[in-house]
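Step one of this worksheet: look at the structure below.
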Amino acid sequence: MIESMMDIDQATLRRLSLNTMTTKNWTLPEAVDGSVRAGLPAVGLWRDRVAEVGLDAAAKRVRDAGLRVSSLCRGGFLTAADAAGQRAALEDNRAAIIEAATLGTDALIMVVGGLPEGDRDLAGARQRVADRLAELVPFAKEHGVRMVLEPLHPMYVADRAVLSTLGQALDIASGHPADAVAVVVDTFHVFWDPQLPEQIARAGREGRVASYQVCDFNLPIASDALLSRGMMGDGVIDFRAITSMIAATGYDGDIEVEIFNAAIWAMNGDDVLATMARRYAELVHPYLDPAAADPAPADR
0 MIESMMDIDQ
10 ATLRRLSLNT
20 MTTKNWTLPE
30 AVDGSVRAGL
40 PAVGLWRDRV
50 AEVGLDAAAK
60 RVRDAGLRVS
70 SLCRGGFLTA
80 ADAAGQRAAL
90 EDNRAAIIEA
100 ATLGTDALIM
110 VVGGLPEGDR
120 DLAGARQRVA
130 DRLAELVPFA
140 KEHGVRMVLE
150 PLHPMYVADR
160 AVLSTLGQAL
170 DIASGHPADA
180 VAVVVDTFHV
190 FWDPQLPEQI
200 ARAGREGRVA
210 SYQVCDFNLP
220 IASDALLSRG
230 MMGDGVIDFR
240 AITSMIAATG
250 YDGDIEVEIF
260 NAAIWAMNGD
270 DVLATMARRY
280 AELVHPYLDP
290 AAADPAPADR
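Shown next, in the form of structure tokens:
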């Protein structure tokens with residue numbers, strides 16, 4: 000059991016990134032400074048925090064602190080059925096691509112959007128996601144940014160993401176170069192999927208694992224289901240199994256902790272980062288070495 004930050008070798012933290020949603024009440028400068036105090040090498044930024052200080056100022060603040068930007072969240076919301084909504088989505092996503100490039104990250108996380116009001120056609124909404132992505136690919140490639148599709152847990156299919164499985168995300172990505180459209184594996188959203196081992200292996204073969212995000216799935220589900228994410232070890236997710244699958248793909252990028260949880264947001268930010276680092280060191284880091292990774296169930 001790791002008792003304090005003093006017990007963690009800095010080499011253990013070399014891939015750990017704070018997603019700024021985990022410390023929602025911190026401004027971008029506070030998140031940057033807190034990450035430096037905690038010895039973290041990277042931050043995952045949300046666009047609202049970037050907008051508060053300005054794009055160029057945000058990029059300079061992170062760069063001057065010696066941190067990497069592991070990802071920018073978020074683009075997406077591509078399911079509008081009307082022409083005006085589709086144009087607005089394309090405009091916003093082009094702006095997000097420019098922001099990602101300016102911040103020095105090639106990973107723009109894409110939450111693709113749910114069903115438009117009054118719409119029940121999931122297949123049609125998914126097709127619109129595919130169509131809008133195809134329109135954005137040349138612009139993304141021009142700026143060296145990957146659009147990173149994030150499948151969300153099925154309870155969010157109506158309002159946030161019509162892509163619920165890693166397989167669905169990979170199917171849409173497969174029509175495009177891997178340096179333009181990739182996927183993020185977020186433990187909260189995909190841990191339940193019986194096809195997860197096969198789909199993570201597929202993502203690895205296709206070179207499409209662009210981000211790995213970790214947090215736990217807490218019970219009981221919060222009254223606002225969006226806030227059911229928890230600190231690693233507080234819920235039901237087997238981080239050894241999923242991290243071993245990720246390690247087996249050869250993914251060697253940053254690992255973000257992204258938590259939506261009202262109790263965690265109310266805590267002192269430095270305490271949150273200390274707990275985050277300890278849980279990462281105990282539950283995630285030991286399984287990042289492919290040589291130590293568990294075989295996928297199909298290989299046992």
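Counting in numbering that gives the first Met the number 0, the sequence shown runs from 0 upward without gaps.
Ideal Cβ positions, reconstructed from N, Cα and C, are used throughout, including at glycine.
Contact between residue 49 and residue 27 is confirmed by a C-beta separation of about 7 Å, below the 8 Å threshold. Scanning 68, 223, 207, 241 for the CA closest to the CA of residue 215 turns up 241. Shown here, residue 69 sits in a strand according to DSSP, grouped into three states.
Around the beta carbon of residue 12, 16 or more other beta carbons sit within 10 angstroms, so the residue counts as buried. When the Cα atoms are used, residue 186 and residue 251 turn out to be separated by approximately 17 Å. Apart from sequence neighbours up to five positions away, the residues of its chain that approach residue 229 with a beta-carbon distance below 8 Å are 214, 215, 216, 217, 258, 260, 263, ordered along the chain. Taken in chain order, the unbroken stretches of alpha helix (DSSP H) that lie wholly in the region 153 to 232 and span 4 residues or more are 165 to 172, 186 to 189, 195 to 204. DSSP places residue 111 in the coil class of the three-state scheme, outside both helix and strand. Across the structure, residue 30 and residue 238 are spaced so that their CA atoms are roughly 25 Å apart. Between residue 245 and residue 211, the C-beta gap is smaller than 7 Å, which places the two residues in contact. Residue 63 sits exposed, since fewer than 16 C-beta atoms from the chains shown fall within 10 Å of its C-beta.
For residue 21, the closest C-alpha among the options 285, 67, 72 is that of 72. Around the C-beta of residue 179, 16 or more other C-beta atoms lie within 10 Å, and the residue is accordingly described as buried.
Secondary structure of residue 146 (DSSP, three-state): strand. With respect to the 7 Å criterion, residue 105 and residue 65 are not classified as neighbours on the basis of their beta carbons. The region 188 to 199 and the region 88 to 106 do not touch, with fewer than three beta-carbon pairs separated by less than 8 Å. Just measuring C-alpha positions, the residue of 78, 40, 177, 107 sitting nearest residue 117 is 78. Selection 119, 15, 85, 147 evaluated against residue 74 yields 147 as nearest (Cα-Cα). In terms of CA proximity to residue 166, 205 leads the group 205, 140, 137, 154. DSSP places residue 41 inside the beta strand (DSSP E), whose first and last residues are 41 to 45.
Counting the other CB atoms within 10 Å of its CB gives residue 153 a total below 16, which places it among the exposed residues. If you draw a straight line from the Cα of residue 32 to the Cα of residue 276, it is about 16 Å long. In terms of Cα proximity to residue 236, the closest of 267, 268, 283, 202 is 283. Apart from the 5 residues on each side of it in sequence, residue 248 sits with its Cβ closer than 6 Å to the Cβ of 203, 208 in its chain, given in chain order. Burial of residue 70 is indicated by the presence of at least 16 other C-beta atoms within 10 angstroms of its C-beta. Excluding its 5 nearest sequence neighbours in each direction, residue 225 has C-beta neighbours in its own chain below 6 Å: 259, listed in chain order. In terms of CA proximity to residue 121, 155 leads the group 155, 99, 97. Of the residues assessed, residue 150 falls on the buried side of the cut-off, its CB having 16 or more other CB atoms within 10 angstroms. It is roughly 22 Å from the alpha-carbon of residue 124 to the alpha-carbon of residue 192.
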